[in-house]
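What follows is a single structure, written as structure tokens, with notes after it.
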Amino acid sequence: MDREALEQLLTAYTAAEQEYLREGTPDKEVPQPSELLEEEILPPGESIGIVRQDRFRPVGSHKHNYIELNYVWSGGCSQVVQGKKIVTSQGEICLMDSEAEHSVGLCDEQDILINILIPKRYFNHNFFSRMSGQGILSRFLLNAVTKQRNREHFLQFPTSQNPKVAWIMEQILLEYYGDDLGRQEVLDSYMILLFTEMLRCFRADSGNECLKETVPLFEILHYMEKKYLTCTLSQTAEYFGFHPVYLTAMLKEKTGKSFVEHIQSQRISQAGNLLLRTDLTVAEIAEKVGYNNVEFFYRKFRQMYECTPGEYRKNFSSGS
Numbered sequence: 111m112d113r114e115a116l117e118q119l120l121t122a123y124t125a126a127e128q129e130y131l132r133e134g135t136p137d138k139e140v141p142q143p144s145e146l147l148e149e150e151i152l153p154p155g156e157s158i159g160i161v162r163q164d165r166f167r168p169v170g171s172h173k174h175n176y177i178e179l180n181y182v183w184s185g186g187c188s189q190v191v192q193g194k195k196i197v198t199s200q201g202e203i204c205l206m207d208s209e210a211e212h213s214v215g216l217c218d219e220q221d222i223l224i225n226i227l228i229p230k231r232y233f234n235h236n237f238f239s240r241m242s243g244q245g246i247l248s249r250f251l252l253n254a255v256t257k258q259r260n261r262e263h264f265l266q267f268p269t270s271q272n273p274k275v276a277w278i279m280e281q282i283l284l285e286y287y288g289d290d291l292g293r294q295e296v297l298d299s300y301m302i303l304l305f306t307e308m309l310r311c312f313r314a315d316s317g318n319e320c321l322k323e324t325v326p327l328f329e330i331l332h333y334m335e336k337k338y339l340t341c342t343l344s345q346t347a348e349y350f351g352f353h354p355v356y357l358t359a360m361l362k363e364k365t366g367k368s369f370v371e372h373i374q375s376q377r378i379s380q381a382g383n384l385l386l387r388t389d390l391t392v393a394e395i396a397e398k399v400g401y402n403n404v405e406f407f408y409r410k411f412r413q414m415y416e417c418t419p420g421e422y423r424k425n426f427s428s429g430s
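The sequence shown maps to residues 111 to 430 in this note's numbering.
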């Protein structure tokens with residue numbers, strides 16, 4: 111499938127749309143069951159589902175037990191989520207929490223809304239271990255996204271001017287509707303890229319209430335992520351003009367972790383990446399991420415991943 115064929119597929123009338131046009135009753139809501147279940151919606155054997163929203167009639171209030179990612183391919187869309195109206199334009203993304211009650215407004219001919227249906231189990235350890243190297247900053251942003259989405263039941267991402275997101279979404283759709291070799295693995299990789307780009311947009315959105323007061327913290331976490339092998343608490347505090355005691359207290363308050371815990375977490379995360387992407391021995395990896403004592407490394411690794419380095423490599427390596 112190419113871009114032209116994809117465009118034809120997305121704009122062609124579905125059987126339901128043909129019926130709505132024949133009846134000529136655009137104000138009549140499409141009734142929905144009170145709750146849509148992933149086992150009834152997701153195709154068998156698929157890790158995610160993709161559905162193009164039917165046009166020409168609004169969709170009544172409903173909820174589902176999976177996470178939904180809405181992407182506006184063209185035009186625009188309005189929805190009411192938990193009583194709050196939201197409007198998305200071409201290129202924008204809305205991430206909808208499971209169990210969030212919502213309805214969809216009338217979509218006209220040019221309004222192409224793509225729904226990616228994501229079961230909660232999709233966001234497993236393997237998924238998050240591939241997110242941007244699982245760095246300190248990425249983990250913090252993921253936590254921020256999760257907390258805000260849980261509080262608001264949805265989260266909008268300002269991606270309308272982001273050509274990378276548009277390209278990634280096109281590739282996801284081409285893979286999903288195609289039947290090429292390795293389709294599922296390629297889809298998963300594109301989903302990683304999509305969420306990484308969404309996190310970048312989330313971080314760059316200076317108007318985001320969730321992040322307004324954390325800009326200095328971002329810089330500190332980014333510094334620690336890059337310098338995790340050599341930085342110390344006193345050096346980091348001096349670099350940013352803080353007293354070490356203040357820096358420790360701020361990190362604990364804002365992130366729930368101390369300086370040492372962040373550094374240990376980053377080292378073990380990097381070790382996990384090396385286990386999956388190299389043939390280095392465990393001892394070599396331990397030394398590479400800053401541990402001279404292999405037994406101590408094993409203990410810290412097990413605390414974080416609840417398995418040994420060898421078990422981690424066996425369970426999460428590609429093709430396992």
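Ideal placement from N, C-alpha and C gives every residue a C-beta, glycine not left out. What you are looking at is a predicted structure, and each value in this text was computed from that prediction instead of being measured.
Quick one: using the 10 Å Cβ neighbour count with 16 as the cut-off for buried, is Glu129 buried or exposed?
exposed
Cβ-Cβ distance between Cys204 and Asn180 below 9 Å:
yes
With 16 other CB atoms within 10 Å as the buried threshold, where does Gly201 fall?
buried
Which word fits Asp218, buried or exposed, when buried means at least 16 other C-beta atoms lie within 10 angstroms of its C-beta?
exposed
Under 9 Å between C-beta atoms of Ile226 and Ile282
yes
Should Leu339 and Arg293 be called a contact, given that it needs their Cβ atoms to be closer than 9 Å?
no
Quick one: does Asn402 have its CB under 9 Å from some CB of chain D?
Among the chains in the structure shown there is no chain D, since it carries only a single protein chain.
Between which residues of its own chain and Tyr232 is the CB-CB distance below 7 Å, once the five residues before and five after are set aside?
Ser157, Ile158
Would Val161 be called buried (16 or more neighbouring beta carbons within 10 Å of its own) or exposed?
exposed
If I measure Cβ to Cβ from Leu119 and keep anything under 7 Å in the same chain, skipping five residues before and after, which residues do I get?
Tyr287
Can you tell me whether Met206 sits near the ligand MG, meaning its C-beta is under 8 Å from at least one heavy atom of the ligand?
Within the structure as shown, the ligand MG is missing, as the structure has no ligands at all.
Measure the C-alpha to C-alpha separation of Gly170 and Gly193 and round it to an integer number of angstroms.
13 Å
Quick one: Cα of Leu357 to Cα of Ala347, how far?
6 Å
Just confirm the distance between the C-beta atoms of Leu361 and Pro354, as a whole number of angstroms; I'd bet it's less than 8 Å.
Incorrect: roughly 11 Å between the Cβ atoms, too far for contact.
With a 10 Å radius around its C-beta and 16 neighbouring C-beta atoms as the bar for buried, classify Glu307 as buried or exposed.
buried
Would you kindly check if the distance between the Cβ of Lys398 and the Cβ of Leu384 is under 9 Å?
yes
Own chain, CB closer than 8 Å to Val404, minus 5 neighbours either side, in chain order
Val392, Ala393, Ala396
Is the beta carbon of Phe237 sitting closer than 9 Å to the one on Met334?
no
Answer with buried or exposed for Asp221, where buried requires no fewer than 16 other C-beta atoms within 10 angstroms of its C-beta.
buried
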